[in-house]
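Enquirer: Numbering (full-length UniProt numbering), first residue to last: 1 to 143.
Sharing a structure with you now.
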Amino acid sequence: MKISIGNDHAGPDYKKAIVQFLEEKGHTVFNHGTDTFDSVDYPDFGHPVAYDVESKKADLGIVICGSGNGIAMTVNKHQDIRAALCWTKEIAALARQHNDANILSIPARYTSIQQAIEMVDTFLNTPFEGGRHANRVKKIACK
């Protein structure tokens with residue numbers, strides 16, 4: 001699978017651990033995140049992830065910022081992006097199953113790195129259920 005990842009200054013350690021996890025599983029990773037803790041603007045790292053998913057360069061995306069909110073709001077401005085802010089693997093599973101989420105947003109200041117890796121693993125391995133959820137998902141985008 002091809003995964004695009006982006007993060008601001010709250011998430012370099014998270015990104016490093018997640019990228020290592022993904023590469024060990026054989027995934028290709030497009031890294032758009034910062035590697036330092038110097039203050040940066042999360043939209044600069046979220047938009048490239050959304051572009052990768054929109055263009056089908058990446059199958060799924062992962063974004064990380066302090067609360068997970070700002071970067072999720074950023075990527076959700078893109079049509080056909082359905083970013084889900086998750087803080088447990090159970091919510092990550094539901095985001096895929098019911099909402100066909102294609103970008104996982106992680107709040108680095110409110111989850112541990114281990115929780116984040118568990119969410120990523122769940123997110124990547126949980127399929128969209130379709131069925132009654134498909135019609136709802138079709139209504140999300142403003143086209």
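Positions of the beta carbon are idealized from the N, C-alpha and C atoms, including for glycine.
1) Can we say the segment 55-67 touches the segment 86-93, given the rule of at least three CB pairs closer than 8 Å?
2) Quick one: give me the first and last residue of the alpha helix (DSSP H) that residue 149 is part of.
3) Between which two residues does the alpha helix (DSSP H) harbouring Phe123 extend?
4) Quick one: residues in its chain with C-beta nearer than 7 Å to the C-beta of Arg109, no 5 flanking neighbours on either side, listed in chain order?
5) Assess, as a yes-or-no matter, whether the segment 69-84 is touched by the segment 109-118 under the definition of 3 or more beta carbon pairs within less than 8 Å.
6) Flag this pair as yes or no: are the beta carbons of Ala84 and Ile64 separated by less than 9 Å?
7) Where does Lys2 sit, in a helix, a strand or coil, going by DSSP?
8) Name the DSSP beta bridge partners of Ile106, please?
9) Thr28: buried (16+ other C-beta within 10 angstroms of its C-beta) or exposed?
10) Could you tell me how far apart the beta carbons of His32 and Gly6 are, in whole angstroms, since I believe they sit closer than 8 Å?
11) Kindly list the residues whose CB is nearer than 8 Å to the CB of Asp41, restricted to its own chain and excluding five residues on each side of it in sequence; keep chain order.
12) Is the separation between the beta-carbon of Ile140 and that of Arg82 shorter than 9 Å?
Expert: Walking through what the data contain:
1) no
2) The chain is shown from 1 up to 143; residue 149 falls before or after that span and cannot be answered.
3) Ile113 to Asn125
4) Ala10, Gly66 and Ser67
5) no
6) no
7) strand
8) Ile64
9) exposed
10) 4 Å
11) Asp8
12) yes
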